[in-house]
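One structure is given here, and the rest of the page talks about it.
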Amino acid sequence: MKLDWGYFRQLYEDVPEDVEGLRRYLGGRVPAVVDHLAELAPLRTRELVPVGGYTGDDEQLWRIMKLYALSRVSDFLIDMSSMDFPVHAEFFEAVGLTPFEHADAFSPFHHEIVDVVQDPSATSVTVEEVLRPGFWFGDLLFNRAGVRVRAPRHLVDATAATTSTLYFTFRRGTRRTDDLSHGWGSNSQWRTSFPRFYADADGLHLNWDGEADIGHDPPVPPADGLGDPPLDERRELVLHRCFVRGLPADEADRMPYGDRLSLLDARWPLPPESVTHVRWNR
């Protein structure tokens with residue numbers, strides 16, 4: 001395979017943890033990262049997924065796994081960043097990703113809740129402050145912007161939103177996380193797929209590679225077994241990537257990775273009319 005899918009893994013494994021060493025290390029690798037991102041250009045736009053999903057012979061799958069390795073670098077830099085050392089934003093702007101804030105309105109598609117101002121007088125969720133920008137890779141959401149929100153407890157509970165398991169995420173220094181690499185060996189974990197969330201003319205497409213369309217009620221294809229979580233919880237978890245209204249007893253043991261949802265917009269609470277349906281298979 002011509003695609004050098006191991007480059008971003010090596011970038012992550014060699015990254016230094018001291019501030020000045022980190023900045024020098026990243027600065028020296030910007031041109032190479034730009035070149036490697038160019039290999040991943042087909043991921044910039046949403047495509048119809050083959051029936052049965054991608055196999056190991058499909059180069060698109062290897063691109064998706066390669067981008068996952070770069071997301072590990074992103075998670076590490078988010079943890080290392082501060083107001084005085086915005087290394088995450090500096091690096092990903094330098095390699096050509098497009099920053100955004102989406103500060104005019106709260107959107108769980110665009111925003112990761114980092115902090116909550118609990119306000120019983122509020123009637124909606126609003127963005128108080130953008131703490132770090134998000135980034136696009138074309139139409140593909142590479143990472144969400146981190147925000148502080150103001151909200152009433154019935155819409156966003158501060159404890160749930162900031163301490164529940166953050167899914168589709170390898171690491172956050174401040175909370176428990178989960179992705180499909182967790183629990184695998186030192187080599188197998190790098191065959192994890194990057195979770196693809198797209199925004200394009202047809203809407204917002206959450207976890208595009210998920211097989212179950214949870215925009216339908218009941219979901220299509222039907223869920224396996226009788227013990228599946230309520231549909232509203234499944235939608236909340238894919239939309240926010242964590243629980244924000246409360247903490248179900250099994251909140252750390254969910255498996256949202258097979259669920260897919262397309263929306264016209266991503267307000268919260270999610271109105272039924274926001275759900276849309278698009279063609280998925282080719």
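First residue of the sequence shown: 1, per UniProt numbering; consecutive thereafter. Glycine included, every Cβ here is placed at the ideal spot set by N, Cα and C. Model, not experiment: these values are computed from the prediction.
- For D79 and V95, the gap between their C-alpha atoms comes out near 19 Å.
- Taking L26 as the centre and dropping the five residues before and after it, the same chain places the C-beta of F91 closer than 6 Å to its C-beta, in chain order.
- The region 30-47 makes contact with the region 1-10; the number of CB pairs closer than 8 Å reaches 3 or more.
- Short of 6 Å from the beta carbon of L206, and not among the five residues preceding or following it, lie these beta carbons of its own chain, in chain order: F197, V238, L261.
- By the 16-neighbour rule on beta-carbons within 10 angstroms, R72 is buried.
- Assigned with DSSP and collapsed to three states, V149 falls in strand.
- As DSSP reads the structure, T126 sits in a beta bridge with R150.
- E101 is not a Cβ neighbour of V117, given a cutoff of 7 Å.
- Counting along the chain, E17 sits inside no alpha helix (DSSP H), nor does DSSP assign it H or E at all.
- Assigned with DSSP and collapsed to three states, G203 falls in strand.
- The DSSP-derived three-state label of H111 is strand.
- Of the residues assessed, G215 falls on the buried side of the cut-off, its CB having 16 or more other CB atoms within 10 angstroms.
- Excluding five sequence positions before and after W268, the CB atoms of its chain that fall closer than 6 Å to its own CB belong to P108, V125, given in chain order.
- The Cβ atoms of L166 and R241 lie closer than 7 Å to each other.
- Residue ranges of uninterrupted alpha helix (DSSP H) with 4 or more members, entirely inside the region 1-72 and ordered along the chain, are 7-13, 19-27, 30-39.
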